[in-house]
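Data block below; observations after.
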Amino acid sequence: MAGSTHASLSAKAPAAVPGARKGRRFSPWQEAWRRFRRHKMALFSAFALFLVVFGVLAGPFLWRVPINEIDFAAKLQGPSWAHPMGTDDLGQDLLSRLIYGGRISIAVGVAAMIVAIFVGMLVGALAGMASGGLDAALMWLTDLFLSLPQLPLLLLVIYLFREPVKGVLGVEGGAFILIVGVIGATRWMAAARLVRAQFLSLREKEFVEAARALGASRMRQVMMHILPNALGPVIVVATIDIAAAIIAESTLSFLGLGFPSDVPTWGSVLRDAKDYLDIAPHWALFPGGLIFITVLAINFIGDGLRDALDPRRVL
Amino acid sequence: MIPSLLGISVVLFTLLAMAPGDPFDELATNPAVPPEVRAALRLKFGLDDPVWMRYWHWLIALMHGDWGFSFVSRVDVSTLIMQRLPVTLVVIGASQVLAIAVALPVGVLAATRPYSLFDQIANTFAFIGFSLPTFFTGLVLILIFSIQLDWLPFVYRADIAATGWAFYWEHFKQSVMPVTVLGLFQGAALVRFVRSSVLDVIRLDYVTTARSKGIGERKVITRHVVRTALIPVVTLIALQMPIVFSGAVVTEQIFRVPGIGSLLISSMLANDTPVVMGVTFVSACLVVIFNLIADILYGWLDPRIAFR
């Protein structure tokens, strides 16, 4: 390894040197990727999650069986070539129903995460920058939300507001907005506390003080200097939030209070299947397995990101 | 505790007040009821009062135990909840005991051998445990133990016609699956807490001191390390209570356990608003009470913390 002459070497062969030479500099994201790759389970999970997401997105173009084609001759069949995941009690094809449901579940998960993280970062940043009364009030609110029982509250809000929202936004759109909003509104607390803690320590650091001394406005200090440095742990929480939101949505659908019952989400397919557990176990095992694999993969990726994005950690 | 209970009551009342629907809507469409009667009824029940006054009346009624009347069951909401609450508390309590009984030894063993094979296996299983949604674990357990093996009943029955030991045995058999589902889900999250908490403590100087005094390793772990490491775990168990309640709702629904969780779902599907409000408030209160208990335990376990 030509370690000492790397200035001239890189001038002769720019960016063509493969592998990690000693002394080579990584950008923070390259460094994170290098660390992430070491976490075997996370790497494997990223691949599994990619398969699920790709299957769900590309599925309808490859598997063109309609989700609501009723065929009583083929009801409650196990997996076969005509129906790779079997059929339900109306003879509808489970594979196409699960592809459709996966789109909804993953979309709800991602959208609810964005809502939760946005609210959490807003509350956390406000509390972290404005010490004193506002900080105390916001943290009291956070603690209050943390001590609310989430599922009963989630169910209550959907129970009370299902009909009017449906009237304004349509059946499916209304359910989507309501579920995403409510899951987001009950899951922002972890992000808020994390962002506040990060802000409290970062805003006293020298580089922020330097920015302040140079006359950076408060907004600029936050957006250009503090927020980018607080982002690492927030990304980890955001990842895990997607998994939690997918579980929350599936739970709502499983209890019959999520999407309307004719929309096949993973949770509602599982709910329909639970009465036929003795004669058609495949009907329950496929959606349940998909929820499990997706959530497990996201949790492992979160764990891998935790290792990858913590600069203090030596690997 | 009082401020958080008040805060919860404000949240619930706001939701209720914001929700559309007027209890006298039906009367408006009924031609037999003149508008004056409707207005008089609204006045009598205070529906036209300012919001803060309605909240005050609602709060006073709540504190008097006047929680309304179930449309469906035709009994007081408080009676209904009191009938169902003990079952839920027993299921939650038993599952917490199971969770701690599993998580404590596994977490401590994993922390005393960090990055060993046992640690990695425990970690993987913990991940699997809290990634499995409770409703799926419940169905899988039913599939294996009720349908394939036919060992356990999958419907919880409150009216068991046996006496003596047989009565308790039947109760035990029908509680095994709900408690296992909830307990293992909790235990999986707890293993990681216990492990990291023990890892924090095990490197402290006083542990080295204890070892150098010649105390056996087993005694060092049980007497010196675990006792200190458990202090943060107590708080985490209390912080997990809202999640336990969510799990209890699902588990009760799957196994048809007659607790407040299944009461909540059935009254929602039957549009029984007073019961829905009552159950939500009770579960919120229970969470706050558990947090208070944890705070008190925390002060008692850790003499460094003083309440002033």
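Taken in sequence, the protein lines are chains A and B. If you're matching positions, the first sequence starts at -10 in the working numbering and goes up one per residue. If you're matching positions, the second sequence starts at 169 in the working numbering and goes up one per residue. Built from N, CA and C at the ideal position, the CB exists for glycine as well.
Use the C-beta contact count for residue i: other C-beta atoms within 10 angstroms, 16 or more gives buried, fewer gives exposed.
| i | result |
| --- | --- |
| N439 of chain B | exposed |
| T182 of chain B | exposed |
| R260 of chain A | buried |
| W177 of chain A | buried |
| L460 of chain B | exposed |
| Q288 of chain B | exposed |
| R10 of chain A | Reliability of the predicted coordinates at R10 of chain A is poor, the pLDDT of 49 falling under 50, and the value obtained from them is presented with this limitation in mind. Exposed. |
| M186 of chain B | exposed |
| Q316 of chain B | exposed |
| H214 of chain A | buried |
| S284 of chain B | exposed |
| I280 of chain A | buried |
| V259 of chain B | buried |
| S(-7) of chain A | Here the model assigns S(-7) of chain A a pLDDT of 40, short of 50, so the residue's position is not dependable, and the following value carries that caveat. Under this definition S(-7) of chain A is an exposed residue. |
| W272 of chain A | buried |
By the criterion of Cβ-Cβ separation under 8 Å, what are the contact partners of residue i in chain B?
| i | result |
| --- | --- |
| V146 of chain A | L183 |
| T254 of chain A | Within 8 Å Cβ-Cβ: nothing; T254 of chain A doesn't reach chain B, min ~13 Å. |
| L259 of chain A | F303, F304 and L307 |
| I236 of chain A | P301 |
Residue i versus chain A: which residues are under 7 Å apart at the beta carbon?
| i | result |
| --- | --- |
| T403 of chain B | Ordered by position in chain A, no residue passes the 7 Å Cβ test against T403 of chain B, which lies about 12 Å from the chain. |
| M436 of chain B | L144, Y148 and L246 |
| L432 of chain B | P141 and L144 |
| T448 of chain B | P141, L142 and L145 |
| S172 of chain B | L133 and S136 |
| Q421 of chain B | L244 |
When the Cα of residue i is compared with those of the options, which residue comes out closest?
| i | options | result |
| --- | --- | --- |
| P400 of chain B | B:I383, B:S414 and B:F361 | B:F361 |
| L149 of chain A | B:L180, B:I289 and B:R252 | B:L180 |
| V108 of chain A | A:F50, A:S69 and A:R185 | A:R185 |
| R295 of chain A | A:A31, A:S16, A:L279 and A:W272 | A:A31 |
| M208 of chain A | A:A273, A:P222, A:L111 and A:W18 | A:L111 |
| D77 of chain A | A:F39, A:V154, A:P276 and A:I215 | A:P276 |
| G415 of chain B | B:V240, B:L257, B:P203 and B:S241 | B:L257 |
| S358 of chain B | B:P203, B:S343, B:S246 and B:I405 | Just to set this straight, residue 358 of chain B is Leu in the shown sequence, not Ser. Answer by Cα proximity: B:I405. |
| I310 of chain B | B:I296, B:K341, B:V276 and B:A267 | B:K341 |
| V265 of chain B | B:V402, B:L454 and B:F286 | B:V402 |
| L272 of chain B | B:S365, B:A452, B:R472 and B:Y223 | B:S365 |
| F293 of chain B | A:A179, A:G293, A:A297 and A:F289 | A:F289 |
| P426 of chain B | B:W226, B:L253, B:I228 and B:L184 | B:L253 |
| L84 of chain A | A:L244, A:I103 and A:V41 | A:V41 |
| L462 of chain B | B:G382, B:L398 and B:L432 | The sequence shown places Ala at residue 462 of chain B, rather than the Leu named in the question. Selected option, being the one with the closest Cα: B:L398. |
| V240 of chain B | B:G332, B:G382 and B:L437 | B:L437 |
| P17 of chain A | A:L220, A:V284 and A:T254 | A:L220 |
| V169 of chain A | A:L38, A:V154, A:A179 and A:A180 | A:V154 |
So residue i contacts chain B; which residues on that side make the cut at Cβ distance below 7 Å?
| i | result |
| --- | --- |
| A280 of chain A | According to the sequence shown, residue 280 of chain A is Ile rather than Ala. Result: P301 and F304. |
| D267 of chain A | I315 |
| K263 of chain A | L307 |
Taking residue i as the query, report the chain A residues whose CB atoms sit under 8 Å from its CB, ordered along the chain.
| i | result |
| --- | --- |
| I176 of chain B | L133, S136 and L137 |
| V393 of chain B | What V393 of chain B touches in chain A: nothing, since even the nearest Cβ is about 24 Å away. |
| I260 of chain B | Those do not exist, as I260 of chain B stays about 12 Å from chain A at its closest Cβ, beyond 8 Å. |
| S414 of chain B | P138, Q139, L140, P141 and T240 |
List the residues of chain B that residue i touches, going by C-beta distances under 9 Å, in chain order.
| i | result |
| --- | --- |
| P68 of chain A | Near P68 of chain A there are no residues of chain B at all, since even the closest Cβ is about 16 Å away, more than 9 Å. |
| S239 of chain A | P301, F303 and F304 |
| L285 of chain A | F295, I296, S299 and L300 |
Taking C-beta pairs closer than 9 Å, name the residues in chain A that residue i reaches, listed in chain order.
| i | result |
| --- | --- |
| A452 of chain B | S136, L137, P138, P141 and L142 |
| L311 of chain B | L266, D267, P270, A273 and L274 |
| F293 of chain B | Those do not exist, as F293 of chain B stays about 11 Å from chain A at its closest Cβ, beyond 9 Å. |
| V443 of chain B | The premise fails here: V443 of chain B is roughly 11 Å from chain A at the closest Cβ pair, so nothing lies under 9 Å. |
| A321 of chain B | It is Pro, not Ala, that sits at residue 321 of chain B in the sequence shown. None at all; the shortest Cβ gap to chain A is about 14 Å. |
| V456 of chain B | S136 |
| V417 of chain B | P138, L140, P141, L144, T240 and L244 |
Give a yes or no on contact between the stretch 439 to 448 of chain B and the stretch 138 to 158 of chain A, applying the rule of three or more CB pairs nearer than 8 Å.
The stretch 439 to 448 of chain B makes contact with the stretch 138 to 158 of chain A; the number of CB pairs closer than 8 Å reaches 3 or more.
Between the stretch 381 to 390 of chain B and the stretch 105 to 121 of chain A, are three or more C-beta pairs nearer than 8 Å?
Because the criterion of three Cβ pairs below 8 Å is not met, the stretch 381 to 390 of chain B and the stretch 105 to 121 of chain A do not touch.
Decide if the stretch 419 to 426 of chain B is in contact with the stretch 342 to 349 of chain B; the criterion is three or more beta carbon pairs, one per stretch, under 8 Å apart.
Contact check between the stretch 419 to 426 of chain B and the stretch 342 to 349 of chain B: three or more CB pairs, one atom from each, fall below 8 Å, which counts as touching.
Are the stretch 24 to 31 of chain A and the stretch 42 to 58 of chain A touching by the rule of at least three beta carbon pairs closer than 8 Å?
Not touching, per the Cβ criterion.
Touch check for the stretch 298 to 308 of chain B and the stretch 276 to 285 of chain B: three-plus C-beta pairs under 8 Å?
No: the two stretches stay apart, fewer than three of their Cβ pairs being nearer than 8 Å.
When you compare the stretch 192 to 199 of chain A with the stretch 256 to 273 of chain A, are there three or more beta-carbon pairs, one atom per stretch, that lie closer than 8 Å?
By the criterion of at least three beta-carbon pairs nearer than 8 Å, the stretch 192 to 199 of chain A is not in contact with the stretch 256 to 273 of chain A.
Within 8 Å, do at least three Cβ pairs link the stretch 90 to 101 of chain A to the stretch 229 to 246 of chain A?
Per the Cβ contact rule, the stretch 229 to 246 of chain A is in contact with the stretch 90 to 101 of chain A (3 or more Cβ pairs under 8 Å).
Taking three-plus beta-carbon pairs below 8 Å as touching, is the stretch 131 to 138 of chain A in contact with the stretch 400 to 413 of chain B?
Three or more beta-carbon pairs separated by less than 8 Å link the stretch 131 to 138 of chain A to the stretch 400 to 413 of chain B, which places the two stretches in contact.
Three or more C-beta pairs below 8 Å linking the stretch 235 to 252 of chain A and the stretch 197 to 204 of chain A:
Taking 8 Å as the limit for Cβ pairs, the verdict is that the stretch 197 to 204 of chain A does not touch the stretch 235 to 252 of chain A.
Any chance the stretch 43 to 55 of chain A sits against the stretch 169 to 179 of chain B, with 3 or more Cβ pairs inside 8 Å?
The stretch 43 to 55 of chain A, when compared against the stretch 169 to 179 of chain B, does not touch it at the 8 Å Cβ threshold.
Between the stretch 164 to 172 of chain A and the stretch 243 to 259 of chain A, do three or more beta carbon pairs fall short of 8 Å?
Yes, the stretch 164 to 172 of chain A touches the stretch 243 to 259 of chain A.
Mind listing, in chain order, the continuous alpha helix (DSSP H) runs of no fewer than 4 residues lying wholly within the stretch 230 to 302 of chain B?
With a minimum length of 4 residues, the continuous alpha helix (DSSP H) runs that stay inside the stretch 230 to 302 of chain B are 245 to 280 and 285 to 299.
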